[in-house]
Amino acid sequence: MEAEENEPACSIERSLEVLGERWTFLILRSAFLGTTRFADFRSTLGIAPNLLSARLRTLVAAGILEPQQYREPGSRTRVSYHLTESGRKLRLVLAALQQWGDEYRPRPAGPSIVRRSRTTGRPVHVAVVDDTGTEIPLEDLAMLPTSSRDESQAV
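So this is what it looks like as structure tokens:
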């Protein structure tokens, strides 16, 4: 698949084209907690229907959510929204945001959600690991451009 001429070279920028809106992450959080139906997203988030419709369309178009039709007895056919593999991989991004928020924007009452291993129940944290699986300090992480003309863009 070839990139379009106007498509940003930076993967962060391309990701933000889909994810860079507050409601998008709140919809994803709800999806990870099991919400699939429009009315349930709306009631749990308190989001206006037009905003929810727009965000769901964006997430579907990006392949993050997949619409599935369902019908309850005596009702019309409706659509539910389910995380795709691409969407499920965003759990890491939400966990990193939550971890940052717990540390730098903490609630006096403490976190509303904790991260634990499903297998062991032990607490977990989001980290950067090298290709051997060794955790490295964030100060040791270099995000370098792939072309020499972009070296001023190193993060």
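In this note's numbering, the protein residues as written are 435 to 589.
Just so it is clear, CB atoms sit at the ideal spot from N, CA and C, and this is done for glycine as well.
Small disclaimer: the values here were computed from a predicted structure and weren't measured.
Own chain partners of residue i with C-beta closer than 8 Å, once the 5 adjacent residues on each side are dropped
i: residue 539; result: none
i: residue 520; result: 496, 497, 498
i: residue 533; result: 549, 559, 560
Neighbourhood of residue i by C-beta, 6 Å cutoff - its chain only, sequence neighbours within 5 removed
i: residue 471; result: 514
i: residue 444; result: none
Nonlocal neighbours in the same chain, by C-beta distance under 7 Å from residue i, ignoring five residues either side
i: residue 551; result: 558
i: residue 561; result: 569
i: residue 585; result: Low local confidence applies: a pLDDT of 48 at residue 585 is under 50, so the model's placement there is unreliable, with the coordinate-based value given in what follows. The residues are 579.
i: residue 405; result: Nothing about residue 405 can be reported from this structure: the residues present for the chain run from 435 to 589 only.
i: residue 516; result: 470, 499, 500, 502
Local conformation of residue i per DSSP, three classes
i: residue 487; result: helix
i: residue 476; result: helix
i: residue 445; result: helix
i: residue 570; result: strand
i: residue 558; result: coil
i: residue 550; result: strand
i: residue 585; result: With a pLDDT of 48 at residue 585, under the threshold of 50, the modelled position of this residue cannot be trusted; read the value that follows with caution. Of the three classes helix, strand and coil, the one that applies to residue 585 here is helix, per DSSP.
i: residue 493; result: helix
i: residue 500; result: strand
i: residue 450; result: helix
Neighbour-count burial assignment, residue i, 16 or more Cβ in a 10 Å radius
i: residue 489; result: buried
i: residue 465; result: buried
i: residue 524; result: buried
Nearest-angstrom beta carbon gap, residue j and residue i [assumed within contact, 8 Å]
i: residue 462; j: residue 526; result: So it is not a contact: roughly 12 Å between Cβ atoms.
i: residue 458; j: residue 493; result: 7 Å
Touch check for the stretch 467 to 482 and the stretch 526 to 544: three-plus C-beta pairs under 8 Å? no
Using a Cβ distance threshold of 8 Å, determine whether the stretch 500 to 507 contacts the stretch 452 to 469, with at least three qualifying pairs required. Segments in contact, no.
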